[in-house]
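As numbered in mature numbering (1 follows the signal peptide of the UniProt record, and there is no 0), residues -21 to -1, 1 to 365 make up the sequence shown, in order.
Ideal placement from N, C-alpha and C gives every residue a C-beta, glycine not left out.
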Amino acid sequence: MKRKLMIAFSTIFLFFMTACENDIGEIENQNFATAIGVDYRDGKYHVYIQMLGLGSVAKSEGGAKAPPEIFVSETSGATFIDAFFKAYHTAQERILWAHVTAIVLSDAALEQGLDSVFDGLTRYYEFRPTPWIFGTKNSLDDILSTTGFFNQTSLNTILHSPKSSYEQSSTIKPVKLNQFAREFFDPGRTTYIPSLTIDDNQWKKNKKNEDKLAIDGAFFLDNQKYKGFFPFEEIKGIRWITPETVRASLLLPNDKNPEFLAVLEDQMVKVQPVKVDGNFGFTIHYLANGVVSNRMKNNTIEVEAMEEFVKKGIISEVKQLYQLGLEHDIDFLNLEHQLYRKHHADWKKLENQASLLQEDSIKSIEVSITLEHSGSFKNRKIKIKE
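So this is what it looks like as structure tokens:
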């Protein structure tokens, strides 16, 4: 009996020892993919896979990090999955896909269509539906190889963590794959993918130019069709119709003759369809609080006048965005989708989007702004509402 118990305990002990050893071995040897890039050229899909060295992510016992190690592979194939599977040929160890937090699509891949890419990313159980999705006109190899500050890896860049910088200065809202997919297939919806570029002029390290990622615009898709790229300067009115905008600045009266900088927060926006003489128009209501962050001149200007400047600035940018949409047949303001949601029967009667978007489709834009002073001291030149 004693011998049987010893054999049983020995078997259990060996089982746990083997299990622990296998677990340790898998953690040490597995490859953790962190980003995927997709390009389309020469009639083939080109897939890029970014992997980061664990030594440059975790601190050593001395508290220091190793220099960033970024591995980027490139494979090609007739389909997205065909190119994707070729990465396994040189993987050396198993690749884990559950840690992918960013997907970057080239403008050529967007123009080719997303059916093959969506199909591949949604079929494999390891892929999560929540990575950030971007487009780019730059080399995908360069985008995936750009590092952060202070020897930090790509995980500490806009590519993997765009939300924190967006909360500080809201320009183009970052988008996750599941949100983009929902909007992409939603009837009457115009959606977009933020565009990544590389800025090699703004930052210097030891007096040498340092490449850093930046969002410079967006790629738009309307009713599942690629509509093109637009730089931020052309579409900056989009931040005023995006409910998720956290903090956005406005230089007024204009860039050539600036008098003050207003920073707007806590915004609310509502687009409402209205039926007039059998035709639909739209009203836009915008509400926000803000602060006067900086003044460029010493002349006296009342806060009421500043609020009027802000109102006119917002209305002007929204109108410019709508006019740009008319020129390129893009519903930037998602007016058609509002009609689809709130007046579905009338939406179904529309033959096409062009019948909805007219010069006079926007009936009114109402803006309500409350400005306060900024800083520890009230500016004596500004009359503050009590």
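- Boundaries of the alpha helix (DSSP H) harbouring D120: 119 to 124, taken from the DSSP string.
- Per the coordinates, the alpha-carbon of L134 lies some 20 angstroms from the alpha-carbon of I151.
- In this structure, L89 is the residue among D339, L89, V250, L300 with its C-alpha nearest to the C-alpha of Y205.
- In the three-state reduction of the DSSP assignment, W76 falls in the coil class.
- In the DSSP assignment, F198 falls within the beta strand (DSSP E) that extends over 187 to 201.
- Here DSSP, grouped into helix, strand and coil, assigns H307 to helix.
- With respect to the 9 angstroms criterion, L123 and V51 are classified as neighbours on the basis of their beta carbons.
- Excluding residues up to 5 positions away in sequence, I151, Y171, P173, S174 lie with their Cβ nearer than 6 angstroms to the Cβ of A197 in the same chain.
- A straight-line Cα-Cα distance of about 16 angstroms links F259 and Y301.
- Shown here for D201: same chain residues with a beta carbon closer than 7 angstroms to its own, the five before and five after excluded, namely T169, I309, D310 in chain order.
- Out of L231, A227, V253, the CA that lies nearest to the CA of E244 is found in A227.
- DSSP, reduced to helix, strand and coil, places L93 outside both helices and strands of the structure shown, so it counts as coil.
- In the structure shown, L100 falls within a helical segment according to DSSP collapsed to helix, strand and coil.
- Counting of Cβ neighbours within 10 angstroms places V96 among the buried residues, the total reaching 16 or more.
- At the C-beta level, I82 and F113 come within 9 angstroms of one another.
- Ranked by Cα distance from F106, the options L230, E212, W76, L93 are led by W76.
- Within the DSSP bridge table, the entry for N10 names I74 as partners.
- Between E72 and Q9 a beta carbon distance of about 6 angstroms is seen, short of the 8 angstroms cut, so the two are scored as contacting.
- W182 sits exposed, since fewer than 16 C-beta atoms from the chains shown fall within 10 Å of its C-beta.
- Sixteen is the threshold: since fewer than 16 other Cβ atoms of the shown chains lie within 10 Å of the Cβ of G22, the residue is exposed.
- Excluding its 5 nearest sequence neighbours in each direction, F209 has C-beta neighbours in its own chain below 6 angstroms: G196, listed in chain order.
- Between the alpha carbons of E287 and L305 lies a distance of about 27 angstroms.
- Per DSSP, reduced to three states, the secondary structure at S140 is coil, with no helix or strand assignment.
- For Q131, there is no enclosing beta strand (DSSP E), as DSSP marks it with neither H nor E.
- When secondary structure is reduced to three states using DSSP, F288 falls in the helix class.
- Membership of I82 in the beta strand (DSSP E) is indicated by the continuous run 81 to 85.
- Taking the Cα of F239 as reference, the smallest distance to any Cα among H264, A87, E223, G269 is reached at G269.
- Looking at the DSSP output, V270 sits in a beta bridge with V242, E351.
- Only residues of its own chain outside the window of five on either side were considered, and among them P166, G167, W326 have a CB closer than 7 angstroms to the CB of Y319, listed in chain order.
- Burial check for A57: the Cβ neighbour count within 10 Å stays below 16, so the residue is exposed.
- Y265 sits close to I344, with the two beta carbons spaced by under 9 angstroms.
- For Y67, no beta strand (DSSP E) segment is defined, and its DSSP state is neither H nor E.
- Sequence-distant Cβ neighbours of T125 in its own chain, meaning closer than 8 angstroms and more than five residues away, are S133, T136, L138, I177, D190, K191, L192.
- According to the DSSP assignment, H316 belongs to the alpha helix (DSSP H) that extends over 314 to 321.
- In the DSSP annotation of this structure, the continuous segment of the alpha helix (DSSP H) that includes A160 starts and ends at 156 to 163.
- As far as DSSP is concerned, L336 takes part in no beta bridge.
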